[in-house]
Ligand SMILES: [Zn+2]
């Protein structure tokens with residue numbers, strides 16, 4: 013892997029560094045074309061597709077063609093380093109044979125940059141005597157669904173006699189209690205596997221993800237997941253990798269464990285003030301209980317929490333988790349806070365990707381081989397680049413804060429990139445900041461008194 017890595021000691025990873033990292037990855041994409049049919053380079057096709065996700069503008073490329081004709085240069089050239097602008101169909105054809113894992117190095121370069129700059133440390137949590145754990149939440153999400161179009165990588169769902177073809181993926185995401193940002197890691201796709209006669213599923217995909225991970229990316233990791241992950245073979249695999257877990261544990265799917273813990277848990281009651289209201293937290297916990305029936309069952313630690321409003325007595329939250337982390341009176345609170353941070357993968361990651369401008373579920377292209385999964389990966393990467401910019405680019409961060417809603421920020425970016433060609437990403441940021449500070453017609457503005 014020859015992808016650019018941040019140099020030790022440098023704290024800024026720029027937009028240009030990210031695009032360069034993307035270009036390096038694209039240079040490894042397979043291109044089986046021969047002869048005359050090679051006018052458009054793979055770089056143009058892949059950067060073109062990515063630019064649509066980054067700008068959140070489906071018509072970005074057609075507008076850049078107009079800018080190119082009018083001014084002799086365009087944002088597709090200056091920002092995304094494209095030489096030519098292929099048609100949408102051309103882009104889809106060229107990208108279909110490219111496996112989404114070809115982009116893993118770009119995710120890794122971002123992770124390394126966050127580590128080098130110290131930003132990753134703001135995600136680390138102290139769990140008891142263990143220090144600096146990173147919480148990696150796992151969750152499955154669908155990004156394509158059709159009743160008619162399908163490919164060899166589709167999963168098949170039959171409900172009420174109706175067949176549906178769909179694509180799903182597990183999106184490992186670094187989260188932390190109290191952090192409003194999340195860090196996307198390369199997804200693992202839920203897709204039929206060679207040599208496996210049964211359908212693929214979320215848990216199988218999670219196992220493949222874990223198997224591939226080098227120590228560097230899961231060092232001191234605690235995995236978070238819903239009840240599906242509180243499953244013995246998976247928990248054992250996590251432990252084998254010297255990682256930890258905090259998984260939701262529901263009574264319906266863990267009858268033996270709930271029988272075992274009846275009337276034997278330790279209770280701890282805590283009054284917490286959230287700045288507005290007092291809440292009563294009741295914890296019930298116990299160590300070393302069997303996860304399932306049978307003498308050879310894996311033993312885990314169990315903690316249950318109920319949150320009630322002190323004034324009204326109304327129940328605000330209830331959940332239960334299993335973990336391999338030791339439970340003690342002083343660590344219960346942080347274990348629960350970490351377990352609860354799991355919802356961030358649904359809210360801050362998958363929900364943002366579906367409803368906040370990324371349109372993850374929109375059919376950008378299905379293809380015959382990898383197209384749908386490659387485009388979904390590019391969409392995730394665009395989200396990661398935006399997060400990186402919030403960490404690394406002071407001007408970007410300022411604009412995101414001043415403009416408030418994500419929607420407004422991207423609307424402004426979209427409009428500007430359609431009408432004006434900018435020399436660089438920095439010029440675009442400067443233009444927006446200047447516009448906010450000084451209206452262009454301020455000197456001639458007539459304000460009635
Ligand atoms: Zn398919």
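Numbering (my numbering), first residue to last: 13 to 461. Positions of the beta carbon are idealized from the N, C-alpha and C atoms, including for glycine. All values derive from a computational prediction rather than experimental measurement.
- Query: Do residue 432 and residue 421 have their C-beta atoms within less than 9 Å of each other?
  - Reply: Not a contact, by the Cβ cut-off of 9 Å.
- Task: Using a threshold of 9 Å, state whether the C-beta atoms of residue 335 and residue 317 are closer than that.
- Result: Taking 9 Å as the cut-off, the Cβ atoms of residue 335 and residue 317 do not count as close.
- Query: Just curious, the alpha helix (DSSP H) that residue 100 is in, first and last residue?
  - Reply: It spans 100–107 - the alpha helix (DSSP H) in which residue 100 sits, taken as one unbroken run.
- Query: residue 174: buried (16+ other C-beta within 10 angstroms of its C-beta) or exposed?
  - Reply: Answer is exposed; the Cβ neighbour count stays below 16.
- Item | Unbroken beta strand (DSSP E) run spanning residue 201, endpoints | Unbroken beta strand (DSSP E) run through residue 201: 200–202.
- Task: Please say whether residue 156 and residue 179 have beta carbons closer to each other than 9 Å?
- Result: Yes, the Cβ-Cβ distance between residue 179 and residue 156 is below 9 Å.
- Chain-ordered residues, beta carbon under 7 Å from a heavy atom of ligand 1: Chain-ordered list of matching residues: 156, 162, 163, 165, 166, 177, 179, 378 and 384.
- Item | Nearest residue (CA-CA) to residue 134, options 176, 190 and 41 | Closest option to residue 134, Cα to Cα, is 190.
- Item | Classification of residue 305 by the beta-carbon crowding that lies within 10 angstroms, buried from 16 upward | In summary, residue 305 is exposed, with fewer than 16 beta-carbon neighbours lying within 10 Å of its beta-carbon over all protein chains present.
- Item | Limits of the unbroken beta strand (DSSP E) element including residue 175 | 174–182 is the extent of the beta strand (DSSP E) around residue 175.
- Boundaries (first-last residue) of the beta strand (DSSP E) holding residue 332: Where residue 332 is concerned, the enclosing beta strand (DSSP E) starts and stops at 327–335.
- Item | Under 9 Å between C-beta atoms of residue 103 and residue 86 | Residue 103 is not a Cβ neighbour of residue 86, given a cutoff of 9 Å.
- Message: For residue 322 and residue 289, I'd like the C-alpha separation in whole angstroms.
- Response: About 8 Å.
- Message: With three or more beta-carbon pairs closer than 8 Å as the criterion, would you say the region 233–241 touches the region 212–224?
- Response: Three or more beta-carbon pairs drawn from the region 233–241 and the region 212–224 are found closer than 8 Å, and the two stretches are therefore classed as touching.
- Pairwise C-alpha distance: residue 320 and residue 337: Those two C-alpha atoms are separated by around 26 Å.
- Message: Three Cβ pairs or more, each shorter than 8 Å: is that satisfied between the region 190–207 and the region 386–394?
- Response: Result yes; three or more Cβ-Cβ pairs closer than 8 Å.
- Item | Element boundaries [beta strand (DSSP E), containing residue 280] | In the DSSP assignment, residue 280 falls within the beta strand (DSSP E) that extends over 278–285.
- With respect to the alpha helix (DSSP H) encompassing residue 424, which residues constitute its N-terminal and C-terminal limits? Per DSSP, the unbroken alpha helix (DSSP H) holding residue 424 starts and ends at 418–431.
- residue 369: buried (16+ other C-beta within 10 angstroms of its C-beta) or exposed? It counts as buried.
- Candidates 88, 348, 35 and 227, of which the one nearest residue 139 by Cα: For the residues 88, 348, 35 and 227, the minimum Cα distance to residue 139 belongs to 348.
- Could you give the uninterrupted runs of the beta strand (DSSP E) lying entirely in the region 208–265, keeping only those of 3 residues or more? Runs of the beta strand (DSSP E) inside the region 208–265: 233–237 and 256–260.
- Query: So residue 37 and residue 117 are in contact, right, with Cβ under 8 Å, and what is the actual spacing, rounded?
  - Reply: Sure, about 5 Å apart at Cβ, within 8 Å.
- Task: With a threshold of 16 other CB atoms inside 10 Å of the CB of residue 110, please say whether the residue is buried or exposed.
- Result: The residue is buried, with at least 16 neighbouring Cβ atoms inside 10 Å.
- Query: For residue 449, is the classification buried or exposed, using 16 other Cβ atoms within 10 angstroms of its Cβ as the cut-off for buried?
  - Reply: By the neighbour-count rule (16 or more Cβ atoms within 10 Å), residue 449 is not buried but exposed.
- Message: Is it buried or exposed, residue 112, if we count other Cβ atoms within 10 angstroms and call 16 or more buried?
- Response: Its Cβ being crowded by 16 or more others within 10 Å, residue 112 is buried.
- Query: Per DSSP, residue 171 forms a beta bridge with which residues?
  - Reply: Under DSSP, residue 171 shares a beta bridge with 174.
- Could you check if residue 63 is buried or exposed, using at least 16 other CB atoms within 10 Å of its CB as the buried criterion? So residue 63 counts as buried.
- Can you tell me which of 208, 350 and 247 puts its alpha carbon nearest to the alpha carbon of residue 303? Comparing C-alpha distances from residue 303 to each of 208, 350 and 247 shows the shortest one belongs to 247.
- Item | Same chain, Cβ closer than 8 Å to residue 18, five either side skipped, listed in chain order | At residue 18, the pLDDT of 49 sits below 50, so the modelled position is not reliable; the number obtained from the coordinates is stated separately. 25, 29, 121, 124, 125, 128 and 129.
- Message: Is the beta carbon of residue 387 closer than 9 Å to that of residue 92?
- Response: Contact flag unset, no.
- Item | residue 320 - DSSP class collapsed to helix/strand/coil | Collapsing the DSSP output to three states places residue 320 in a strand.
- Message: Among 51, 355, 242 and 217, whose alpha-carbon lies nearest the alpha-carbon of residue 264?
- Response: Of the candidates 51, 355, 242 and 217, the one whose C-alpha sits nearest the C-alpha of residue 264 is 242.
- Distance CB(residue 5)-CB(residue 339) smaller than 9 Å: This structure does not reach residue 5, given that the chain is present from 13 up to 461, and the question cannot be answered.
- Query: residue 194 by DSSP, collapsed to three states: which one?
  - Reply: In the three-state reduction of the DSSP assignment, residue 194 falls in the coil class.
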